[in-house]
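Asker: Dropping the structure in here first, questions after.
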């Protein structure tokens, strides 16, 4: 497939059919389920270990058929194959998009050669190098400058160099080797690195500086602060350059391809692990960016993590669109966003270990699809992107579910859970009422999971409220739930490394599906550049440079002046 102008989805027959359906559309999940006993079975799909129930979505066979026609008319399947083959579908940066290559098994045939380079060989050479280093840290043969084994790994990165690793580490904590801990520093707010290092022993701490160019302002600032902390805590502030360099070489490694800058910082280039311009930061968690997690959970678990990604890649590659789970979920998002007016999307994991998953998806989804022009530079013809947000259940139930259940906005929600908890516990005492002695707490947790999707779908009628004995019609109205709030349920056996990889890949390919239909380049991120450029221009004014301050607009000038006043500058 040669990249060409995107298809305008609004010009397709499927889109026109959907527009006609949406005009006056009145969903009726109660009625649909009552009249169609096979609905749940027909709209439940399997992707590797993930069971995905779409039956509580605002969709019927006619809507789904039209959505699938849009996918076909906009060449979703063909563009996915082009991505796998290494065609330069990142048009604005003229790059291949090969995050799927990061999890291709070693020795897979045929080998993936892109732009004359054996991608498989490159990926596995880097993986082997990371595995060898991680093994040394895990078995204690890599030590700090004083000979003590490493106990804490501090990853310094931002964006995809932070959100992915911290999410995966938190999700896979049950797999972390005892005696090892990982921490993550991202924010340039000095409080972040202060709090993350305040109680650490410098003799047993290893820093990983994750920056492809080794020039990211936030990351390199924090890296210098970490180096400064190391020298101070080891009593090397006044030491010779050689002594300082020895300490850095034993307590810092890098994930970067800028070996000259890595060496200038004091890190041995042999301890720099690279990745490639064909993988964007938000798609890089399964690259060397995950070094901190590989150290924590080990090679075998990481290989299972990669295998989970690959299983979903293969599902998308080989499964007809009609049963292709990420494609179907992406199509539903298009239906909700472009036809039913949804502007946000909730992700609600009913497993505490996924408490950073929504934050991770915020970058994956919004940095990818928050675009106003198509990949050929022409304006988009539809709304694009959704605001992704969420919290683990049942925390969210006591915070924002009120809005989802009874508010005026349509908020599609993905509910994610596992059957087998990592830490099963029983409430041996119970409360003698709702919770019986010996209650399996995970079962109680999952009762909430099932109840919430049921309540969202079917609601509670005024007659049902009255039947419970409520007579005040004002209270009846307040206690009525309209239902017809769409949700998707995702159930996995347990939160293993493989299942986590499957979940991440699922959403990667949902993003791909939506971006292809909208005709946008989901793999660039020019929108993050302007603010960074302006920050560098404004920095002298914040430091008190009066000429720089005078050049600002009146609002920015007044805010900086007030800051300087409050700071006592």
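In the working numbering, the protein residues as written are 14 to 582. Built from N, CA and C at the ideal position, the CB exists for glycine as well.
Return helix, strand or coil for residue 223, following the three-state DSSP convention.
Answerer: Here residue 223 is taken as the residue at index 210 of the chain shown, counted from 1. Note: residue 223 maps to strand in three-state DSSP.
Asker: I'd like to know whether the C-beta atoms of residue 399 and residue 430 end up nearer to each other than 9 angstroms.
Answerer: In the chain shown, the residue the question calls residue 399 occupies position 386. In the chain shown, the residue the question calls residue 430 occupies position 417. Taking 9 angstroms as the Cβ cut-off, residue 399 and residue 430 do not qualify as a contacting pair.
Asker: Just tell me which of 120, 223, 440, 321 has its CA closest to the CA of residue 452.
Answerer: Here residue 452 corresponds to residue number 439 of the chain shown, with the count starting at 1. When each option's Cα is compared against that of residue 452, the closest is 440.
Asker: Looking at residue 417 and residue 498, is the spacing between their C-beta atoms short of 9 angstroms?
Answerer: Stepping through the chain shown from its first residue, residue 498 is reached at position 485. Stepping through the chain shown from its first residue, residue 417 is reached at position 404. Yes, they are a contact pair.
Asker: Tell me the rounded alpha-carbon separation between residue 456 and residue 365.
Answerer: Translated into positions along the chain shown, residue 456 becomes position 443. Translated into positions along the chain shown, residue 365 becomes position 352. C-alpha separation (whole angstroms): 14 angstroms.
Asker: What is the DSSP secondary structure of residue 149, counted as helix, strand or coil?
Answerer: Stepping through the chain shown from its first residue, residue 149 is reached at position 136. DSSP places residue 149 in helix when its eight states are reduced to three.
Asker: DSSP three-state call for residue 285: helix, strand or coil?
Answerer: As a working mapping, residue 285 is identified with position 272 in the chain shown. Strand.
Asker: State yes or no: is the C-beta of residue 401 within less than 9 angstroms of the C-beta of residue 371?
Answerer: On the chain shown, position 388 is the one that residue 401 refers to. On the chain shown, position 358 is the one that residue 371 refers to. Yes; because the gap between Cβ atoms is below 9 angstroms, this pair is in contact.
Asker: Can you tell me which residues form a DSSP beta bridge with residue 361?
Answerer: By 1-based counting over the chain shown, the position of residue 361 is 348. Per DSSP, 428.
Asker: How big is the Cα-Cα spacing for residue 89 and residue 530?
Answerer: For this step, residue 89 is matched to residue 76 along the chain shown. For this step, residue 530 is matched to residue 517 along the chain shown. Rounded to whole angstroms, residue 89 to residue 530 spans 7 angstroms at the Cα level.
Asker: Considering Cα atoms alone, identify which of 460, 106, 162 is closest to residue 216.
Answerer: Stepping through the chain shown from its first residue, residue 216 is reached at position 203. For the residues 460, 106, 162, the minimum Cα distance to residue 216 belongs to 162.
Asker: Just the C-alpha distance for residue 339 and residue 153, rounded to the nearest angstrom, thanks.
Answerer: Start at 1 with the first residue of the chain shown, and residue 339 comes out as number 326. Start at 1 with the first residue of the chain shown, and residue 153 comes out as number 140. Taking the straight line joining both Cα atoms gives about 42 angstroms.
Asker: Quick one: is residue 367 buried, meaning 16 or more other Cβ sit within 10 Å of its Cβ, or exposed?
Answerer: Here residue 367 refers to the residue found at position 354 of the chain shown. Counting Cβ neighbours within 10 Å, residue 367 comes out buried, since at least 16 surround it.
Asker: Check whether the segment 488 to 506 and the segment 463 to 475 touch, using three or more Cβ-Cβ pairs below 8 angstroms as the test.
Answerer: With the cut-off at 8 angstroms, the segment 488 to 506 and the segment 463 to 475 touch.
Asker: Out of 322, 563, 268, 312, which one is the CA nearest neighbour of residue 294?
Answerer: Within the chain shown, residue 294 is the residue found at index 281, counting from 1. When each option's Cα is compared against that of residue 294, the closest is 268.
Asker: Check this for me: beta carbons of residue 537 and residue 105, under 9 angstroms apart or not?
Answerer: As a working note, residue 537 is residue 524 in the chain shown. As a working note, residue 105 is residue 92 in the chain shown. Taking 9 angstroms as the Cβ cut-off, residue 537 and residue 105 qualify as a contacting pair.
Asker: Tell me the DSSP secondary structure of residue 352 in three-state form.
Answerer: Taking the first residue of the chain shown as 1, we reach residue 352 at position 339. DSSP places residue 352 in coil when its eight states are reduced to three.
Asker: Please classify residue 313 as buried or exposed, where buried requires at least 16 neighbouring CB atoms within 10 angstroms.
Answerer: Within the chain shown, the letter at position 300 stands for residue 313. Exposed is the call here.
Asker: Roughly how many whole angstroms lie between the Cα atoms of residue 14 and residue 100?
Answerer: As a first step, residue 14 must be located in the chain shown, where it is residue number 1. As a first step, residue 100 must be located in the chain shown, where it is residue number 87. Since pLDDT at residue 14 reaches only 44, below the 50 mark, its modelled position is unreliable, and no value is offered.
Asker: Sort 263, 60, 49, 255 by Cα distance to residue 157 and report the nearest one.
Answerer: By 1-based counting over the chain shown, the position of residue 157 is 144. Taking only the C-alpha atoms, the option nearest residue 157 is 263.
Asker: How many angstroms separate the CA atom of residue 546 from the CA atom of residue 118?
Answerer: Residue mapping note: residue 546 aligns to position 533 of the chain shown, counting from 1. Residue mapping note: residue 118 aligns to position 105 of the chain shown, counting from 1. Taking the straight line from one Cα to the other gives about 40 angstroms.
Asker: For residue 558 and residue 201, I'd like the C-alpha separation in whole angstroms.
Answerer: Along the chain shown, one-based indexing puts residue 558 at 545. Along the chain shown, one-based indexing puts residue 201 at 188. Spanning the two alpha carbons is a distance of roughly 21 angstroms.
Asker: Using 8 angstroms as the Cβ pair cut-off and three pairs as the minimum, do the segment 251 to 259 and the segment 342 to 356 touch?
Answerer: The segment 251 to 259 is not in contact with the segment 342 to 356.
Asker: At 4 residues or longer, and completely inside the segment 40 to 117: list those alpha helix (DSSP H) runs for me, N to C.
Answerer: You should have 42 to 48, 52 to 55, 74 to 86, 89 to 98.
Asker: Would you identify the three-state DSSP class for residue 410, choosing helix, strand or coil?
Answerer: Counting from 1 along the chain shown, the entry for residue 410 is found at position 397. The answer is helix: DSSP assigns residue 410 an H, G or I state.
Asker: What span of residues does the beta strand (DSSP E) with residue 168 cover, start to end?
Answerer: The count along the chain shown starts at 1 and reaches residue 168 at position 155. Counting along the chain, the beta strand (DSSP E) containing residue 168 begins and ends at 165 to 169.
Asker: Taking the alpha carbon of residue 18 as the point to measure from, which residue in 390, 450, 425, 517 has its own alpha carbon closest?
Answerer: In the chain shown, residue 18 corresponds to position 5, counting from 1. That would be 390, whose Cα lies nearest to the Cα of residue 18.
Asker: In the DSSP assignment, the alpha helix (DSSP H) including residue 479 goes from what residue to what residue?
Answerer: For the purposes of this step, residue 479 is identified with residue 466 of the chain shown, where counting begins at 1. Start and end: 475 to 480.
Asker: Cα-Cα, which of 131, 58, 234, 491 is closest to residue 420?
Answerer: Residue mapping note: residue 420 aligns to position 407 of the chain shown, counting from 1. With distances taken between Cα atoms, residue 420 lies closest to 491.
Asker: Would residue 110 and residue 244 qualify as a contact pair, given that the criterion is a beta-carbon distance under 9 angstroms?
Answerer: Here the question's residue 110 lines up with position 97 in the chain shown. Here the question's residue 244 lines up with position 231 in the chain shown. No, the pair does not count as a contact, with Cβ atoms beyond the cut-off.
Asker: From the DSSP output, read off the bridge partner residues of residue 503.
Answerer: As a first step, residue 503 is located in the chain shown; it is residue number 490 there, counting from the start. DSSP lists 65, 429 as partners of residue 503.
Asker: Quick check: what's the CA-CA separation for residue 4 versus residue 381?
Answerer: Any property of residue 4 remains undetermined from this structure, which presents the chain solely from 14 to 582.
Asker: Using a threshold of 9 angstroms, state whether the C-beta atoms of residue 148 and residue 170 are closer than that.
Answerer: In the chain shown, the residue the question calls residue 148 occupies position 135. In the chain shown, the residue the question calls residue 170 occupies position 157. Contact flag unset, no.
Asker: So what's residue 218 in DSSP terms, helix, strand or just coil?
Answerer: For the purposes of this step, residue 218 is taken as the residue at position 205 of the chain shown. Residue state, collapsed to three classes: strand.
Asker: Would you decide whether residue 466 is buried or exposed? Buried here means 16 or more other CB atoms lie within 10 Å of its CB.
Answerer: As a position in the chain shown, residue 466 is number 453, starting the count at 1. Label assigned to residue 466: buried.
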